[in-house]
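The working numbering puts the first residue of the sequence shown at 4, with every later residue one more than the last.
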Amino acid sequence: MNNGPVNGHEIDVGWKTTLRITYPESAPQSPGDYDPSSLFVMATYKSTDLAWLNAIVRKKPMHLWQKMWFWQSVVESIPLEAKNYRILNLDIVRETALNLLGFPEPHSHQWMWKQVLPTLGLISITTALQLCDEVNLAGFGYDMSRPDLPLHYYETVRISAMNTQAVHDVNRERLFLASLVKAKVVNDLTGGISW
Numbered sequence: 004m005n006n007g008p009v010n011g012h013e014i015d016v017g018w019k020t021t022l023r024i025t026y027p028e029s030a031p032q033s034p035g036d037y038d039p040s041s042l043f044v045m046a047t048y049k050s051t052d053l054a055w056l057n058a059i060v061r062k063k064p065m066h067l068w069q070k071m072w073f074w075q076s077v078v079e080s081i082p083l084e085a086k087n088y089r090i091l092n093l094d095i096v097r098e099t100a101l102n103l104l105g106f107p108e109p110h111s112h113q114w115m116w117k118q119v120l121p122t123l124g125l126i127s128i129t130t131a132l133q134l135c136d137e138v139n140l141a142g143f144g145y146d147m148s149r150p151d152l153p154l155h156y157y158e159t160v161r162i163s164a165m166n167t168q169a170v171h172d173v174n175r176e177r178l179f180l181a182s183l184v185k186a187k188v189v190n191d192l193t194g195g196i197s198w
């Protein structure tokens, strides 16, 4: 998921990446993090995301004015063939946000849209529930009582960083994940979803 590396972390994350669900700003920078047999599943949040995907698939550069719409630098080349790309159905994002988490509808505020989005982690779980007979979670969850824990296995950002952003509501996601585990819809293999 996102820019999480697999190489060097196989004991924690497994040896096979079938789907890598990401968006432009979180796509891996290292060519070695792309498995040529896996699918790159693109979550789109803005029209510029599609322009980026078009440039990546066609192996052409993006225009400078398009790059300005990203909140951080994006990778300009991915070593995959066109057949490896998919676009995540936005109905899954909408269903997760509005129906499962009960977030408010996005609304216009001055010159931009205001919205609360589910994390890509929860969107990935919702996608897995659509595609798989069994969903097992390992090392996933938001233990807000332990703010010094790493947010991801591969970086130094801490769980406490989730308290300072306004895009996601991880407390609501945590409760929703707990309900999935309690109802045995998903299996929490490592106890990362704590209550």
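Every residue, glycine too, gets a C-beta built ideally from N, C-alpha and C.
(message) Could you compute how far the alpha carbon of residue 38 sits from the alpha carbon of residue 165?
(response) 29 angstroms
(request) Under 8 angstroms by Cβ, that's how I've got residue 171 and residue 107 pegged, so tell me the actual separation to the nearest angstrom. (result) Incorrect: roughly 14 angstroms between the Cβ atoms, too far for contact.
(message) Spatial neighbours of residue 84 within its chain, please: C-beta separation below 8 angstroms, excluding the five flanking residues on both sides.
(response) 39
(message) Considering just the uninterrupted stretch of the alpha helix (DSSP H) at residue 127, what are its terminal residues?
(response) 123 to 134
(message) If the criterion is Cβ atoms closer than 9 angstroms, does the pair residue 222 and residue 25 meet it?
(response) Because the chain spans 4 through 198 in this model, residue 222 falls outside it and cannot be assessed.
(message) For a test of the three-state rule: what should DSSP assign to residue 36, helix, strand or coil?
(response) helix
(request) Could you please give the first and the last residue of the uninterrupted beta strand (DSSP E) stretch that includes residue 24? (result) 22 to 25
(message) Quick check on residue 55: buried or exposed, where buried means 16 or more other Cβ atoms within 10 Å of its Cβ?
(response) buried
(message) For residue 141 and residue 101, I'd like the C-alpha separation in whole angstroms.
(response) 26 angstroms
(request) Write down the C-beta distance between residue 129 and residue 98 rounded to the nearest angstrom, noting that I regard them as a contact closer than 8 angstroms. (result) 7 angstroms
(request) For residue 163, I'd like the list of residues in its chain whose CB is within less than 6 angstroms of its CB, leaving aside the five on either flank, ordered along the chain. (result) 150
(request) Could you tell me which of 169, 63, 144, 148 sits nearest to residue 210, measuring between CA atoms? (result) Examination of residue 210 is not possible in this model, given that the chain is present from 4 through 198 alone.
(request) Using the DSSP secondary-structure output, state which residues sit across from residue 89 in a beta bridge. (result) 44
(message) Relative to the C-alpha of residue 190, which candidate in 132, 174, 60, 168 has its C-alpha closest?
(response) 132
(message) Taking its Cβ as the centre, do 16 or more other Cβ atoms sit within 10 Å of residue 33, making it buried, or is it exposed?
(response) exposed
(message) At the level of alpha carbons, what is the spacing between residue 44 and residue 87?
(response) 8 angstroms
(message) residue 21 and residue 50 - do their beta-carbons sit closer together than 9 angstroms?
(response) no
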